[in-house]
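Reviewing the structure listed below.
In this note's numbering, the protein residues as written are 1 to 231.
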């Protein structure tokens with residue numbers, strides 16, 4: 001995957017340099033240049049990463065990639081996501097925060113959000129850590145968040161799928177209880193799909209039991225960014 005991203009970057013730079021050298025792009029205004037470059041960059045990201053994420057295309061990474069706007073507006077959104085990502089890292093140092101395109105993939109392992117064995121109820125530690133995210137999510141209200149629940153490979157597929165859905169729902173319900181709008185959230189149980197570690201070891205299974213967030217711009221942020229890009 002890392003090799004694919006390096007190749008993606010090199011290919012993107014090559015094409016963007018070619019675009020910048022074209023007379024039609026040189027003679028265009030800022031918004032037009034951004035739209036042209038953003039369209040090419042978005043196509044590359046969607047194509048190359050989309051072909052390399054495997055099952056991950058159905059998870060948080062795929063959801064973030066699918067939210068690409070592109071152009072100057074995409075740059076405006078990206079700047080806001082940069083700030084939000086930094087604030088999440090500061091609020092919850094144990095979280096894995098990845099800035100992807102114009103969104104954020106947030107991975108919360110068992111050290112951040114955990115559950116009682118074979119249950120969907122949040123532990124006191126999980127609630128404490130989610131509390132740290134609430135102020136950040138409130139400050140960036142113009143975002144939509146999809147919550148993905150995951151289990152390890154132990155147990156029946158159907159059972160794990162249902163359990164992961166319930167756990168994602170528990171996270172959403174807790175955040176809503178803390179004052180966040182329910183309409184911002186979508187939940188999806190993934191069961192044992194998209195493992196990030198070896199399910200044959202205790203340590204690997206522990207890493208696979210996780211919750212992921214895909215944070216993307218909502219319609220209001222997109223419209224505001226498009227207006228700003230036209231100025």
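Think of the CB as a built atom: it goes at the ideal place given N, C-alpha and C, for glycine as much as any other residue.
Cβ-Cβ separation between residue 111 and residue 94: approximately 5 Å, consistent with a contact (criterion under 8 Å).
The beta carbons of residue 188 and residue 165 sit closer together than 9 Å. Looking at the backbone, the Cα of residue 223 and that of residue 199 are separated by about 43 Å.
Distances from the alpha-carbon of residue 191 to those of 220, 157, 92, 147 put 157 closest. Nearest neighbour of residue 86 by Cα position, chosen from 74, 139, 121, 120, turns out to be 139. Residue 175 and residue 130 have their C-alpha atoms roughly 7 Å apart.
Under the DSSP assignment, residue 143 falls in the beta strand (DSSP E) whose first and last residues are 143–149. With respect to the 9 Å criterion, residue 88 and residue 136 are classified as neighbours on the basis of their beta carbons.
Approximately 14 Å separates the beta-carbon atoms of residue 193 and residue 63; this is outside 8 Å, ruling out the contact. As for any alpha helix (DSSP H) of minimum length 4 sitting wholly inside the segment 57–97, the runs are 60–65, 71–91, ordered along the chain. Secondary structure of residue 115 (DSSP, three-state): strand.
For residue 212, no alpha helix (DSSP H) encloses it; the enclosing beta strand (DSSP E) starts and ends at 211–217. Here residue 125 is actually not in contact with residue 211; their C-beta atoms are around 13 Å apart, not less than 8 Å. Straight across, the Cα-Cα distance linking residue 154 with residue 209 is about 11 Å.
The alpha helix (DSSP H) runs of length 4 or more contained entirely in the segment 148–216 are, from start to end of the chain, 157–177, 202–208. Secondary structure note for residue 122: it is in no alpha helix (DSSP H), with a DSSP letter that is neither H nor E. In this chain, the beta strand (DSSP E) harbouring residue 103 covers 103–108. Residue pairing by DSSP puts residue 100 in a beta bridge opposite 103. Counting only the Cα atoms, residue 185 lies some 7 Å from residue 172.
Distances from the alpha-carbon of residue 132 to those of 168, 178, 116 put 178 closest.
When the five nearest sequence neighbours on each side are left out, the beta carbons in the same chain lying within less than 8 Å of the beta carbon of residue 77 are those of 69, 102, 217, 221, 222, 225, in order along the chain. Residue 82 is classed as exposed because its beta carbon has fewer than 16 other beta carbons within 10 Å across all chains shown.
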